[in-house]
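Working notes, beginning with the structure itself.
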Amino acid sequence: MNKIENLKIGLAELKSNKLRTALTMLGIVFGVGAVIAMLSIGEGARQETLEQIELMGTNNIIVNQKDIKTEAKGNDKSRATFSPGLNVRDAQAIKDLNPFIDDFTYQKELPNTVIYKSEIIQTKIIGTTDSYVSIYNSQLDKGTFFKKHHVDEFANVCVIGPGVKQKLFKFEDPIGKEIKIGTTWFKVLGLVASKNVSSSGNQAVGTRDFNNEIYIPYTTLAYKMSLSEEEQQTMMFAGGMRFSIRGGIFGGDQGDVVDRSSVSQITFKIQKDHPVDKAGDLISRQLLRRHYGSEDYEIVIPEALLAQRQKTQKIFNIVMGAIAGISLLVGGIGIMNIMLANILERTKEIGIRRAIGATRNDVLSQFLYEAMVISILGGLLGVFVGFILTSLITTYAEWRTIITPFSIILAFVVSVMIGIGFGSYPAKKAADKDPIESLRYE
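What follows is the structure, given as structure tokens:
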């Protein structure tokens, strides 16, 4: 008997018991589908995390402001009181002392109302510098980002994200238009290209929704929008000249002194040949000294965060794959059980085949081919089920999923190997049957 003949006999036998064959394949079908679906969830989460980390900049070190004054006690509370908080002077001082820093930017956030014609939205206003684009590798879809002279001149200009453009302008070109942020009018200079951000990614790695932000010069936000209307008028029109602002300190009419140099975040771009983790340790020590021992800041290193997330994701993928693999194991046990029952029913047939000249290898091959056909057909149907399950997960759970060729090949090959492995024992048992005893079997 050749291989083609064995295959034809196996297919004919399986076709004659369609219901039993279908039930036998169910374990393999759902096992393969589960493996593909689980691996697609893991790959989707891995890719999403990678994209979110890249948005933060793998060669960047991010310092976030942290409010500890309300939680601090004893000496910590005293240090927190004396600390100036995160500010512009911290950024410049660290840059001056560290040659491994290529560039830096800082930002201050202010949620506000934005109006254009009849459209009104609430969004986050980011006051930053002209270095923001290069440090965060942002691309502009239209127009330009504001320049250094805009920051120096407290200019009322802005750059909007694609989400803001869609809400305010719809299909209208925003470049050159004026929008009202709070009580101040701003001219739109540019439109930032869309970035692939999602809510799950933001929660996972702490990134922001870049698509729904408006960027304005830091000085404009710090010295205009955060001031009261009376302070703005005093600063802008007293004696026909602006007040002098040194070191971020602005004196109001009442004699109070307000620090306008505070920031919510500082981002340092580290040279590619310098270890980012060592740079982070040095920056931390400098900030601790400048803030009088108060840790009212948080340092985020995207490169270290990425390594940690990848390690966690690898463990997650192994666990998810193992759980899904149990379904394949159950499917293999099902194949063995059905094949053993099948051999028992066909004992007399085995005796007749041996009596007319079939060898042990012929019988072994015939039943092994039947197990292989079940696992191969189950594997192919399982791939189809895997695509359906993945689509349902994406649609209803709103998780990002990515099916890779590796996951399909892995699930299919494992299903075939399980078919061969669990079909070998029944096939060997059939081949070892005594021909005379088999002919007498009723």
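Quick note: the sequence shown uses the numbering used here, first residue 457, plus one each step.
All residues carry an ideal CB built from backbone N, CA and C; glycine is no exception.
Values in this document were obtained by computation on a predicted structure and should not be read as measured data.
Start and end residues, beta strand (DSSP E) containing residue i
i           : result
residue 569 : 557-572
residue 599 : 596-599
residue 846 : That residue, residue 846, is in no beta strand (DSSP E); its alpha helix (DSSP H) goes 816-848.
residue 518 : 516-521
residue 643 : 640-648
Proximity of residue i and residue j at Cβ, strictly below 7 Å
i           : j           : result
residue 799 : residue 886 : yes
residue 719 : residue 566 : no
residue 642 : residue 635 : yes
residue 497 : residue 850 : no
residue 607 : residue 585 : yes
residue 831 : residue 894 : no
residue 824 : residue 736 : no
residue 882 : residue 810 : no
residue 569 : residue 578 : yes
residue 842 : residue 493 : yes
residue 753 : residue 743 : yes
residue 544 : residue 717 : yes
residue 517 : residue 583 : no
Extent of the continuous alpha helix (DSSP H) run through residue i
i           : result
residue 588 : 588-591
residue 636 : No alpha helix (DSSP H) contains residue 636, which is instead part of the beta strand (DSSP E) from 634-637.
residue 506 : 474-512
residue 754 : Taken as a continuous stretch (DSSP letters only), residue 754 belongs to no alpha helix (DSSP H), being part of the beta strand (DSSP E) at 753-756.
residue 732 : 732-746
residue 621 : 618-624
residue 724 : Unbroken run through residue 724 is the beta strand (DSSP E), 721-726; no alpha helix (DSSP H).
residue 873 : 861-887
residue 811 : 803-811
residue 854 : Element bounds for residue 854: n/a, residue is neither H nor E.
Whole-number beta carbon distance between residue j and residue i, since they are thought to touch under 8 Å
i           : j           : result
residue 725 : residue 557 : 7 Å
residue 834 : residue 787 : 7 Å
residue 645 : residue 600 : 6 Å
residue 470 : residue 829 : 6 Å
residue 640 : residue 603 : That belief does not hold up - the Cβ atoms of residue 640 and residue 603 are roughly 19 Å apart, past 8 Å.
residue 587 : residue 560 : 7 Å
residue 814 : residue 490 : So it is not a contact: roughly 39 Å between Cβ atoms.
residue 669 : residue 617 : 5 Å
residue 546 : residue 746 : 6 Å
Residues bridged to residue i (per DSSP)
i           : result
residue 666 : Per DSSP, none; premise fails for residue 666.
residue 580 : 567 and 669
residue 718 : 543
residue 575 : 572
residue 613 : 643
Assess, as a yes-or-no matter, whether the region 746-760 is touched by the region 839-854 under the definition of 3 or more beta carbon pairs within less than 8 Å.
no
Kindly confirm or deny that the region 568-578 and the region 758-775 touch, where touching means at least three C-beta pairs closer than 8 Å.
no
Segment contact flag, the region 778-797 with the region 479-499, C-beta cutoff 8 Å, min 3 pairs:
yes
Assess contact between the region 503-520 and the region 721-737, defined as three or more Cβ pairs (one per stretch) separated by less than 8 Å. Is contact present?
yes
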